[in-house]
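Presented below is the structure to which this report refers.
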Amino acid sequence: METSPPSQVDQNWLLAQEFLKKKLITEDSFIWKLPAPTSICRATDVQEEEEEEGMKVLRYIGGVDISFSKEDPLMACGTLVVLDLHTLQIVYEDFSLVTLDVPYVPGFLAFREAPVLLELLEKMKRNTIHFYPQLLMVDGNGILHPRGFGLACHLGVMADIPTIGIGKNLHHVDGLNQSSVRQLLEAKENNFKDFIALTGCSGKIWGAAIRSTQGSLKPIFVSVGHRISLNTAITIVKMICKYRVPEPIRQADIRSREYLRKLQMNVGTVLLQ
DNA sequence: GCGACAG
DNA sequence: ATCTTGTCGC
1 METSPPSQVD QNWLLAQEFL KKKLITEDSF IWKLPAPTSI CRATDVQEEE
51 EEEGMKVLRY IGGVDISFSK EDPLMACGTL VVLDLHTLQI VYEDFSLVTL
101 DVPYVPGFLA FREAPVLLEL LEKMKRNTIH FYPQLLMVDG NGILHPRGFG
151 LACHLGVMAD IPTIGIGKNL HHVDGLNQSS VRQLLEAKEN NFKDFIALTG
201 CSGKIWGAAI RSTQGSLKPI FVSVGHRISL NTAITIVKMI CKYRVPEPIR
251 QADIRSREYL RKLQMNVGTV LLQ
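Start counting the first sequence at 1; every next residue gets the next number (UniProt numbering).
In structure tokens form, the structure reads like this:
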């Protein structure tokens, strides 16, 4: 019987985060440029592949998520989708059914979820390089994290790809909590802003709270993952939000769930035959 | 010591 | 993350 105490596991995980964090880049560092704001609205508009400087325009944005089976909590489905920023249509999707022994520990989500997602990215790079994402949106935080190195940073560094972290709930860090954020959102001077900087007690800006849609009271929490600045991340998130959750994440989530649901459906069917 | 704690 | 029904509104 081999049961390593959680404290021992955490020590190795802490060292890994500390090591990987040395490679983290928190400013714009990519080989594409943002599309002109007007071109996004016109789906019929055939966008130039290249611009004058020979730099490609951002077009393929990936989204990753993992869903879990309610019947078997160890069974998980990792999902990678890629969307065309022009049309918001999906140009690629892939799934990976795995057994997850690693528990979820707050602050260490990457050790549970990153391996499956990395495998999906590597598989795509081998087989379908044409649509390989220029940017990846991750269901989980970037530097909005106790040690400034959440899942989005972890994935970005390991796959060497620009990433943006998207949290649907706030991870309490540096004095930021539900009530402090609620105060920020309700503050008169912030009422008309479409995003609010998440400034902790220390003065550090950890990310931004965004009301994606006009009417959604509950914000999403955007933070820098890798090779991107907060300002650029916010700009892109706004461009790709049809609903509260950015479309790549939302689609990965929906399809991941659907994959497990259909799988469970087949189990029932086979047993009846 | 107790509670809080992305997914 | 997952368990869960209806309900109000465009």
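The C-beta atom is built at its ideal place from N, Cα and C for all residues, glycine as well.
Sheet register partners of residue i (DSSP bridge)
i      : result
CYS77  : SER67 and LEU97
VAL82  : GLY62 and TYR92
ILE220 : ILE210
LYS25  : For the record, residue 25 in the displayed sequence is Ile; it is not Lys. Paired residue(s): none; ILE25 is not in a bridge.
TRP32  : LYS56
VAL9   : DSSP lists no partner for VAL9.
ILE249 : ILE249 pairs with nothing; no bridge assigned.
CYS205 : Strictly speaking, residue 205 in this sequence is Ile, with Cys absent from that position. THR199.
VAL173 : LEU176
Inter-residue spacing [alpha-carbon to alpha-carbon] between residue i and residue j
i      : j      : result
GLN89  : ALA233 : 20 Å
LYS21  : LEU117 : 19 Å
ILE31  : GLY156 : 15 Å
VAL138 : ASP10  : 23 Å
GLY142 : SER96  : 23 Å
LYS33  : SER229 : 13 Å
ILE196 : ALA209 : 5 Å
LYS70  : GLN264 : 10 Å
PRO23  : THR87  : Reading off the sequence shown, one finds Lys at residue 23, where the question assumed Pro. For LYS23 and THR87, the distance between alpha carbons rounds to 34 Å.
ASP101 : GLU18  : 23 Å
LEU260 : THR79  : 11 Å
SER179 : VAL222 : 18 Å
SER67  : HIS145 : 22 Å
ASN127 : LEU74  : 28 Å
PRO35  : TRP206 : 26 Å
ALA16  : LYS218 : 33 Å
GLU122 : ALA159 : 8 Å
LEU176 : LYS204 : 11 Å
GLY148 : CYS77  : 27 Å
GLY150 : VAL267 : 36 Å
LYS262 : ASP194 : 38 Å
GLY140 : ALA152 : 6 Å
VAL173 : VAL105 : 15 Å
LEU85  : PHE192 : 27 Å
VAL91  : LYS125 : 14 Å
MET239 : GLN214 : 14 Å
ARG42  : CYS241 : Since pLDDT at ARG42 reaches only 46, below the 50 mark, its modelled position is unreliable, and the value read off the structure follows with that caveat. Computed Cα separation, rounded: 16 Å.
SER216 : VAL98  : 34 Å
THR44  : GLY107 : In this prediction, THR44 has a pLDDT of 48, which is less than 50 and means its spatial position is unreliable; what the coordinates show is noted afterwards. Taking the straight line from one Cα to the other gives about 44 Å.
ASN12  : PRO37  : 45 Å
ASP28  : LEU83  : 21 Å
ASP94  : VAL81  : 7 Å
THR235 : GLU53  : 22 Å
ARG227 : GLU189 : 31 Å
THR26  : ASP72  : 38 Å
THR163 : VAL224 : 7 Å
First through last residue of the beta strand (DSSP E) which encompasses residue i
i      : result
GLY165 : 163-167
ILE236 : Per DSSP, ILE236 belongs to no beta strand (DSSP E); it is in the alpha helix (DSSP H), 230-239.
LEU198 : 195-199
The alpha helix (DSSP H) enclosing residue i, as first and last residue numbers
i      : result
LEU184 : 178-186
heavy atom of the ligand ZN below 7 Å from residue i C-beta
i      : result
ALA209 : Absence of the ligand ZN from the depicted structure is noted, as is the absence of any ligand whatsoever, leaving it without description.
For the segment 199-210 against the segment 247-267, are there 3 or more C-beta pairs whose distance is under 8 Å? Contact fails: fewer than three Cβ-Cβ distances are below 8 Å.
Give, in chain order, every unbroken run of the alpha helix (DSSP H) that is at least 4 residues long and sits entirely within the segment 108-171. 109-127 and 151-159
Can you find at least 3 beta carbon pairs, one from the segment 102-116 and one from the segment 179-197, that sit closer than 8 Å? no
Cβ contact (3+ pairs, closer than 8 Å) linking the segment 128-145 and the segment 60-78: For the pair of segments examined, the segment 128-145 was found to touch the segment 60-78: the number of CB pairs separated by less than 8 Å reaches three.
Given 8 Å, three or more beta-carbon pairs between the segment 160-171 and the segment 252-261: no
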